[in-house]
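A.B. asks: Numbering (this note's numbering), first residue to last: 110 to 1116. Okay, here's the structure, questions in a sec.
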Amino acid sequence: MDTSTNLSKVPSLKLYHELMANKVGEILLVSCPYDAFIMEEEGRLSTRIINEYKGLNLSKPPRLTWVSSASEAFKKLETKKFDMILAMPSLDEMDVYAFGAQVKKKYFDLPFFMLLHNTCDIDQYICVDNSTAIDRTYIWGGNADLLLAIIKNFEDEMNVAFDTKNANVRVIIMVEDSPYHYSSFLPVLYKQIVMQTQSVIDDSINEEHRLLKMRGRPKVLVAHNYEDAMALYEKYKPYLLSVFSDMRYSKNGMEDESAGYKLLTKIKKQIPDLPVLILSTEEHNREKAADIPAVFINKNSSTLNDRIKNFFVSYLGFGAFIFRLPNGEEIVRAIDLRTIEKLLPEIPDESIVYHAMNNDFSRWFMARSEIDFALKLKPYQISDFPDPQDMKKFLIESIHARRKGSRQGQIIDFDSEKFDSDTDFMKIGNGSLGGKARGLAFMASQIRRDSSLRDKFPDVDISIPQTFVISTEGFKTFNEENELAKILESDEELEDDQIVEQFIQARFPDWLKKNLEAYLQSVRYPIAVRSSSLFEDAHYQPFAGLYNTYMLPNSHPDFEIRLDRLIRAIKLVYASTYLKAPRSYAKSTMHRTEDEEMAVVLQQLTGMEFNDYFYPAISGVAQSYNFYPISHLKAEEGISHIALGLGKIVMEGGQTLRFCPKYPQFLPQFSIVNDILENSQKYFYALKLDEFPEDEKFISSSTDDPTIVKLDLSDATDHPIVRFLSSTFHVQDNRIRDSFSSKGFPVLTFANILKYNSFPLARLLEEVTKIGSKWMGSSVEVEFAVNLPEDKSQKPQFSLLQIRPMGRYKQNLGVKIGKKEIKGAFCYSTLSLGNGEYKDIYDVVYVDPETFDPAKTIEIAAQINKINALFNENNRKYVLIGPGRWGSSDRWLGIPVVWNDISNVGVMLETSIESIKADPSQGSHFFQNITSLGISYITVSNKGDDFIDYEFFRCRTFENTTSYLKHVKFENPIKILVDGKTSQAVLMPYKKDDPDDIMDDIPVIDP
């Protein structure tokens, strides 16, 4: 038999929502005042039922309505719908049977159960021929457990057909004709079933999983004669867990002292391994039971309940799994799947064979509601395996796949006592996940539900890195206990380093530290400590990249040092909520910083180790919409930016490789040798595993992650992945060859990937963005990382790190740009983002091309910050013009401004000059935030028809000047037109005949 069958597939929890759909909500209890008084003395019935539900963790207890006469009962029935009637004898107005007959006449499908009190003359009521008026008679002994059993048994009868067919729910058939005995047995059965289910749900992954697993518990069906029992057996034969039977009851209309023997013998012939139980008051039936074979329990036993409980444990797989030797000697016990998986390697072969022969493994899984898994295991025979070791290996791998599969795509509540390191996504605290973690959780759940991506790429491990989220509850507790919100209330605006210092000195919550200890004990891989604020990666204003991320090697041998570094990194992420850049951006989006809350994502860092450096082979960003399509490319075909190493270089707008996934070999920036040499990636980022900065440096590096190092490509040619992704420039031939050679200079071209398709990156990115857009209902941006192991027996790994909606501009505002507008403009662009007409901007701040120095871009950014601050008081917007890529962290590609440097900008314009050559910056966090705010972004190329007339500014009087900047303030507003459909834009001087229709606001973002 092929043992490679996929045993990890997990049925959707959504199915469990549909189980137990029919519930008992309203019960009408009819009894005389005397019976009511006795029940009142024994404890109010409705209260006891509610307490039973709470005690057994059952949801939505039914409501009891009590009346003392038949006439009152009929009045209630006319005004309210009831699901069940419980009637006691000795009604003062009429006989209970007459009452039942009248009820059935008017409400024929309303269940009518008679409840006899233990002080009543039981024989008087049981022996009377009650025809069809009373559906079933129970003996009330003052125990609320019976009421629970009656309700649950009726619900089982209503739901069993659907639940078995759709979810393979198990069934126990009980054959008993004595009201006294089934009234005694049913509470015991349900108590065992519910307690077993409780033990299963205690091991569940989250609250939803717990509640839904309860609905998948075994059903109990009661038959009173042989024919009814056989009918139930034939109908639910595929779903049987066990049959409990009396020995003496009716068969063919007559009492048969061997009816139980005949029933179970017939069943055992068809299902030999089905556990069955004989319950009889006659001890001589023990021999008959052994002949079936069946377990025998005497109903008169003083330990009857314990014996029934023992049957559940020993034969139905309830409770712990007890590993035994063939002679019955106990070896060890396992309470859950994880423990079984850990114990199996040490269990003797003869024990494994013994349990396999008896189907003990599948039976135990069945009892834990792992029904589909149990059904897939059950057909395997010992003969399917060459030896016990091979069978043991198969069991271990199957259980591991099942455990991992059941957790995949689920948000698991973290439990420090039962932490499972195989869990993909964990959450601590009751607060929000925040935007970034929510995106991760969404991706995880969608990958689990939608297998299309994995089906198309079976040779690639597509996954979300293991993720641990500290919900916003952690941030709120930390802030409240240390009164850090006062920072926002202070009259004095604190500098960033002062805010950071307060957060570092603040006391960390004990409950949070305890959970982090449990997490870190089991985790030894490098960790990315990432922000996940409420506003981050949201639609419209995503706050992308404004908060800090810290990479931790997590490699120090001292656990306390590892824990201290982790807590410090979390504090720094918390502190970044109150830093200048996020606060400045929040004002632009109408958000209030005091409304912001921070969750923290602790994520396994995707990558491999090379000489104490840790980094992925490829990281990047894929976008489903291309703002700057060129040549034959279309905007909806998307664009991707990839780089060697950590994604820092991509997200900060560094030198990366830009391509359309549909045409991966169309690389205009790599047209000729000189272009390739100039435009290819020269350095990459990696995490240093064997070093960690001093505390002061770690804390003071508020913008740069101090644990990350920058490596030149030429210094890493001994790294296998660098060789694999690089081509070689041969100076003598002035040629670049696709393979790596130590005789030339390495050039990062990704030829093995994009040209020779050794890894299907382009197709993957095309599918990921297509599916992501479908998932989110908008254009999306996806962050990813790729591992390419040297060992070809291992699958390459494609890690999805984040998904978020892209900021887009509406293109229906009716802006038209013709020859007349271009002729009258001082600036014209054919590569523009945005849509609208601006007539409320009076100011232009531009980098003077005559004094611009590429080596001074950091100083220029500081000067922009100062001029930007001048606009804070009057709340005016301005046009910012400068060379290269705005917001790039690479000072040689553009001016490295951050958001608080340009928070009052209305329109941004980047120009192309010879000293700076950079592709459009649409892959960066900076660009994402600009587009999300609806700020028009205009690129003026030095090729084609684009132009900008600096003489137009020079003949004006400057409002402010610095060594590199000029600030022009016009008396009248300049006119700015941006056409989103054609990507054209013009900036024009004011004309008196222009209609006075100042635009009220910046363009609206199209979600």
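Yeah, the Cβ is synthetic: ideal placement off N, Cα and C, and Gly gets one too.
Just mark residue 915 as buried or exposed, buried being the case when its beta carbon has 16 or more other beta carbons within 10 Å.
C.D. replies: The residue in question, residue 915, is buried, as its Cβ has 16 or more Cβ neighbours within 10 Å.
A.B. asks: Compare the C-alpha of residue 676 against each of 583, 458, 786 and name the closest.
C.D. replies: The option with the nearest alpha carbon to residue 676 is 583.
A.B. asks: Measure the CB-CB distance between residue 1016 and residue 947 and report whether it falls below 8 Å.
C.D. replies: Yes, the Cβ-Cβ distance between residue 1016 and residue 947 is below 8 Å.
A.B. asks: Does the beta-carbon distance from residue 856 to residue 938 come in below 8 Å?
C.D. replies: For residue 856 and residue 938, no; Cβs fall outside 8 Å.
A.B. asks: Are the segment 705-724 and the segment 542-550 touching by the rule of at least three beta carbon pairs closer than 8 Å?
C.D. replies: Flag = yes, the segment 705-724 and the segment 542-550 touch.
A.B. asks: I'd like to confirm the pairing. Which residues does DSSP put opposite residue 913 in its beta bridges?
C.D. replies: Paired residues: 890.
A.B. asks: So residue 900 is in the alpha helix (DSSP H); what residue range does that whole segment cover?
C.D. replies: Looking at the DSSP string, residue 900 is not in any alpha helix (DSSP H), and its letter there is neither H nor E.
A.B. asks: Note the first and the last residue of the continuous beta strand (DSSP E) segment covering residue 579.
C.D. replies: 576-579 is the extent of the beta strand (DSSP E) around residue 579.
A.B. asks: Just to confirm my understanding: we take residue 267, look at its own chain, exclude 5 residues before and 5 after, and list those with CB closer than 7 Å. What are they?
C.D. replies: The residues are 131.
A.B. asks: When DSSP labels each residue in this structure, what does residue 472 get in the three-state scheme?
C.D. replies: Helix at residue 472.
A.B. asks: Can you tell which of 221, 260, 387 has the C-alpha that lies nearest to the C-alpha of residue 129?
C.D. replies: Answer by Cα proximity: 260.
A.B. asks: Using only CA atoms, which one of 523, 533, 681 lies nearest to residue 620?
C.D. replies: Measuring from the Cα of residue 620, the nearest candidate turns out to be 523.
A.B. asks: When you compare only the Cα positions, how much space is there between residue 1097 and residue 927?
C.D. replies: Those two C-alpha atoms are separated by around 13 Å.
A.B. asks: What's the C-alpha gap between residue 414 and residue 297?
C.D. replies: Each residue's Cα considered, the two are about 7 Å apart.
A.B. asks: Enumerate in chain order the residues of its own chain whose CB-to-CB distance from residue 613 is below 8 Å, with the five nearest sequence positions on each side excluded.
C.D. replies: Answer for residue 613: 677, 680, 681, 684, 808, listed in chain order.
A.B. asks: In the structure shown, what three-state DSSP assignment does residue 720 receive?
C.D. replies: Reduced to three states, the DSSP call for residue 720 is coil.
A.B. asks: By Cβ distance, which residues of its chain are closer than 7 Å to residue 1011, with the 5 residues on each side in sequence left out?
C.D. replies: Answer for residue 1011: 973, 977, 989, listed in chain order.
A.B. asks: Does residue 246 come out as helix, strand or coil in the three-state DSSP assignment?
C.D. replies: If DSSP states are grouped into helix, strand and coil, residue 246 belongs with the strands.
A.B. asks: Find the nearest neighbour of residue 830 within the set 802, 873, 868, judged by alpha-carbon distance.
C.D. replies: Residue 868 is the option with its Cα nearest to residue 830.
A.B. asks: By alpha-carbon positions, which one of 969, 397, 951 ends up nearest to residue 957?
C.D. replies: It is 969 whose Cα lies nearest to the Cα of residue 957.
A.B. asks: Give me whichever residues DSSP pairs with residue 570 in a beta bridge.
C.D. replies: Paired residues: 906.
A.B. asks: What distance in whole Å lies between the Cβ atoms of residue 135 and residue 191, which are believed to be in contact at a cut-off of 8 Å?
C.D. replies: That pair is a contact at about 5 Å.
A.B. asks: Would residue 380 and residue 425 be called neighbours here (beta carbons separated by less than 8 Å)?
C.D. replies: Result no, Cβ atoms of residue 380 and residue 425 do not sit closer than 8 Å.
A.B. asks: With burial defined as no fewer than 16 other Cβ atoms inside 10 Å of the residue's Cβ, what is the status of residue 362: buried or exposed?
C.D. replies: Classification for residue 362: exposed.
A.B. asks: If you compare alpha carbons, which of 876, 912, 1087 is closest to residue 1123?
C.D. replies: Lying before the first or after the last residue shown, residue 1123 is absent from the chain, which here runs from 110 to 1116.
A.B. asks: Assuming contact is defined by CB atoms lying nearer than 8 Å, are residue 1022 and residue 1051 in contact in what I supplied?
C.D. replies: Going by C-beta atoms, residue 1022 is nearer than 8 Å to residue 1051.
A.B. asks: Have a look at residue 929 and residue 568 and give me their C-alpha separation to the nearest angstrom.
C.D. replies: Those two C-alpha atoms are separated by around 57 Å.
A.B. asks: Between which two residues does the beta strand (DSSP E) carrying residue 949 extend?
C.D. replies: Per DSSP, residue 949 belongs to the beta strand (DSSP E) from 945-956.
A.B. asks: Output yes or no for whether 8 Å exceeds the beta carbon distance between residue 433 and residue 460.
C.D. replies: Yes.
A.B. asks: Per DSSP, residue 659 is paired with what?
C.D. replies: DSSP output for residue 659 lists 638 as bridge partner(s).
A.B. asks: Alpha helix (DSSP H) containing residue 461: first to last residue?
C.D. replies: First-last of the alpha helix (DSSP H) with residue 461: 458-466.
A.B. asks: Let me make sure I understand the geometry here. Which of 839, 279, 834 has the alpha-carbon closest to that of residue 860?
C.D. replies: It is 834 whose Cα lies nearest to the Cα of residue 860.
A.B. asks: Rounded to whole angstroms, what's the CA-CA distance from residue 445 to residue 852? Just pull it up for me.
C.D. replies: Answer to the nearest angstrom: the Cα atoms are 58 Å apart.
A.B. asks: Please check the pair residue 674 and residue 661, which I expect to be a contact at CB under 8 Å, by giving their CB distance rounded to whole angstroms.
C.D. replies: At roughly 6 Å, the Cβ-Cβ gap stays under 8 Å, so residue 674 and residue 661 are in contact.
A.B. asks: Just tell me which of 204, 333, 721, 203 has its CA closest to the CA of residue 357.
C.D. replies: When each option's Cα is compared against that of residue 357, the closest is 333.
A.B. asks: Taking all protein chains shown into account, decide if residue 221 is buried (16 or more other Cβ within 10 angstroms of its Cβ) or exposed.
C.D. replies: Counting Cβ neighbours within 10 Å, residue 221 comes out buried, since at least 16 surround it.
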